[in-house]
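Report on the following structure.
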Amino acid sequence: MPAPPPEVLDALGVGPPGRLAELKDQPGQNASWLARPPGGEPVVLRRYYAGAAGPELAYEHAVLAHLARAGWAVPEPVSALVCQDGLWYCLTRYVPGAPVLDESTAQRSRRGADLARLHAALRGLDARLGQRPGWRAQHAGITVHRDLDWAACLAGLADTSPRLGQWAAAAAAQARADLAAIGAHELPVLIVHGDFAEWNVHYRHRQGGPALAGVIDFGLSHLDSRPYELAIARTYRAPEARLSYLARAAALGWPFSELESAAIEPVYRAFRVDMAAWSMHCGRRDGAYDLAMIERQLARTGTPPP
Numbered sequence: 226m227p228a229p230p231p232e233v234l235d236a237l238g239v240g241p242p243g244r245l246a247e248l249k250d251q252p253g254q255n256a257s258w259l260a261r262p263p264g265g266e267p268v269v270l271r272r273y274y275a276g277a278a279g280p281e282l283a284y285e286h287a288v289l290a291h292l293a294r295a296g297w298a299v300p301e302p303v304s305a306l307v308c309q310d311g312l313w314y315c316l317t318r319y320v321p322g323a324p325v326l327d328e329s330t331a332q333r334s335r336r337g338a339d340l341a342r343l344h345a346a347l348r349g350l351d352a353r354l355g356q357r358p359g360w361r362a363q364h365a366g367i368t369v370h371r372d373l374d375w376a377a378c379l380a381g382l383a384d385t386s387p388r389l390g391q392w393a394a395a396a397a398a399q400a401r402a403d404l405a406a407i408g409a410h411e412l413p414v415l416i417v418h419g420d421f422a423e424w425n426v427h428y429r430h431r432q433g434g435p436a437l438a439g440v441i442d443f444g445l446s447h448l449d450s451r452p453y454e455l456a457i458a459r460t461y462r463a464p465e466a467r468l469s470y471l472a473r474a475a476a477l478g479w480p481f482s483e484l485e486s487a488a489i490e491p492v493y494r495a496f497r498v499d500m501a502a503w504s505m506h507c508g509r510r511d512g513a514y515d516l517a518m519i520e521r522q523l524a525r526t527g528t529p530p531p
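Position one of the sequence shown corresponds to residue 226 (the working numbering), numbered consecutively onward.
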């Protein structure tokens, strides 16, 4: 997509396009540019994905403002939202540091402990904000997106690949049965980050090892369970992060309950069904299915292929 139009730059006071340095601009996702307003500190100009709604962005911004007040370095808004040609723009705080993409054992442990601290900072905010508009907890449905038409997605996939369609239906049914069996509807919830993977956690290198610099990308933040956060933080491939999270949460006086512990695996499998569902949704929307991606997700659900 093109760079932000002059009307947006003028409204936000960041000057001509030549002052912008592209950070990220991928189809279907948020885009961002590093901006240096005259005489000011660097900020990030964000363009939200097509279809983003004002109430949903207001929810995300409320989460960011809460964390910033608590002392966290996060991309909190530093301007009002600006809408131009159906797309939303905003200036946000620049978060220093960089992600550690090739994590060591110690770094995976550090990320888990940092996630526990983030949850402690978010604890109780759900009473004020409630659920993000258009979302639900993973254990409350096949997908966290309320507007995703599962039946239509399933029918579309079955037309393209009957085998994968049958597999997806079976995986969804098994995930729901497994969650019902443990009483997952009673899982406690909080506002989660929604993607606390290594690429969204910034560190600075200091003597003695990396130190947390900040956390970015709260675009998936919503009300959900702690087992879900562990799943979407990809702790299945970083067991040290999960163990460190559990230890730090307990040290903070908030240990996992028996139900939360029992939910770790079934919620993870439900998360994989959700990942397949989202890929199915995109395939139905775009007219082309990424069958390899869908199969990879279904293979991680624990449901055997037909």
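Just so you know, even glycine gets a beta-carbon here, dropped at the ideal spot from N, CA and C.
Between the Cα of GLY253 and the Cα atoms of ARG261, TYR274, ALA345 and TYR319, which residue gives the shortest distance?
Residue 253 sits at position 28 when you count from the first residue of the sequence shown. Of the listed residues, the one whose Cα sits closest to GLY253 is TYR274.
Taking contact to mean 3 or more Cβ pairs, one atom from each stretch, closer than 8 Å, check whether the region 507-514 and the region 420-428 are in contact.
In short, these stretches do not touch, since the Cβ pair count stays below three.
Per DSSP, which residues does SER257 bridge with? Please list them.
Here the question's residue 257 lines up with position 32 in the sequence shown. Bridge partners of SER257: LYS249 and ARG271.
Quick test of the definition: if touching needs 3 or more C-beta pairs under 8 Å, does the region 489-503 touch the region 360-377?
yes
For the putative contact between LEU340 and TYR470, defined by C-beta atoms under 8 Å, what is the C-beta separation to the nearest angstrom?
Here residue 340 is taken as the residue at index 115 of the sequence shown, counted from 1. Here residue 470 is taken as the residue at index 245 of the sequence shown, counted from 1. Rounded, the Cβ-Cβ distance is 5 Å, consistent with contact.
Taking 8 Å as the limit between beta carbons, can you name the residues of its chain near PRO531, skipping five residues before and five after?
Counted from its first residue, the sequence shown places residue 531 at position 306. The residues are ARG388, GLN391, TRP392 and ALA395.
Let me know if HIS410 comes out buried or exposed under the rule of 16 or more other beta-carbons within 10 Å of its beta-carbon.
Here residue 410 is taken as the residue at index 185 of the sequence shown, counted from 1. By the neighbour-count rule (16 or more Cβ atoms within 10 Å), HIS410 is not buried but exposed.
Is the region 370-379 in contact with the region 348-361, if contact means three or more CB pairs nearer than 8 Å?
yes
Among PRO227, GLU485 and TRP258, whose alpha-carbon lies nearest the alpha-carbon of LEU245?
Translated into positions along the sequence shown, residue 245 becomes position 20. The closest CA to that of LEU245, considering only PRO227, GLU485 and TRP258, is found on TRP258.
Does the Cβ-Cβ distance between PHE443 and LEU289 come in under 7 Å?
Position 218 of the sequence shown, counted from the start, is the residue given in the question as residue 443. Position 64 of the sequence shown, counted from the start, is the residue given in the question as residue 289. Cβ atoms of PHE443 and LEU289: closer than 7 Å.
Counting pairs of Cβ atoms below 8 Å between the region 306-322 and the region 263-274, do you hit three or more?
yes
Excluding the 5 residues preceding and the 5 following VAL233 in the sequence, name in chain order all residues of the same chain whose CB lies nearer than 7 Å to its CB.
On the sequence shown, residue 233 is found 8 positions in, with the first residue counted as 1. Within the same chain, VAL233 has close Cβ partners VAL307, GLN309 and TYR314.
Give me the residue from GLN356, ALA400 and LEU415 with the minimum Cα distance to ARG348.
Here the question's residue 348 lines up with position 123 in the sequence shown. Measuring from the Cα of ARG348, the nearest candidate turns out to be LEU415.
Exposure label - GLU247; buried when at least 16 CB within 10 Å:
In the sequence shown, residue 247 corresponds to position 22, counting from 1. Classification of GLU247: exposed, given that the 10 Å Cβ count is below 16.
Of all the alpha helix (DSSP H) runs that stay within the bounds of the region 390-465, which reach a length of 4 or more residues?
451-457
Excluding the five sequence neighbours on either side, which residues of its own chain have a C-beta within less than 7 Å of the C-beta of ALA456, listed in chain order?
Indexing the sequence shown from 1 puts residue 456 at position 231. Answer for ALA456: VAL492, TYR493 and PHE496, listed in chain order.
Hey, GLY487 and ALA458: beta-carbon distance below 7 Å or not?
Translated into positions along the sequence shown, residue 487 becomes position 262. Translated into positions along the sequence shown, residue 458 becomes position 233. The sequence shown places Ala at residue 487, rather than the Gly named in the question. No. Outside cutoff.
Are there any heavy atoms of the ligand PLP lying less than 6 Å away from the beta-carbon of GLU465, as far as the coordinates show?
You won't find the ligand PLP in this model; it holds no ligand whatsoever.
Proximal residues to PRO300 (C-beta, below 7 Å), its chain only, five neighbours per side dropped:
For the purposes of this step, residue 300 is taken as residue 75 along the sequence shown, with counting starting at 1. The residues are VAL269, LEU289, THR317, ARG318, VAL320 and ILE441.
Can you have a look at PRO435 and say buried or exposed, based on whether 16 or more other CB atoms are within 10 angstroms of its CB?
In the sequence shown, counting from the first residue as 1, residue 435 sits at position 210. It is buried - the Cβ of PRO435 has at least 16 other Cβ atoms within 10 Å.
Evaluate ASP235 with the Cβ neighbour count: other Cβ atoms within 10 Å of its Cβ, from every protein chain shown; 16 or more gives buried, anything less gives exposed.
For the purposes of this step, residue 235 is identified with residue 10 of the sequence shown, where counting begins at 1. Flag for ASP235 reads exposed.
Measuring straight from C-alpha to C-alpha, what distance separates ALA474 and ALA323?
Working through the sequence shown from its first residue, we reach residue 474 at position 249. Working through the sequence shown from its first residue, we reach residue 323 at position 98. Approximately 25 Å, taken between the alpha carbons.
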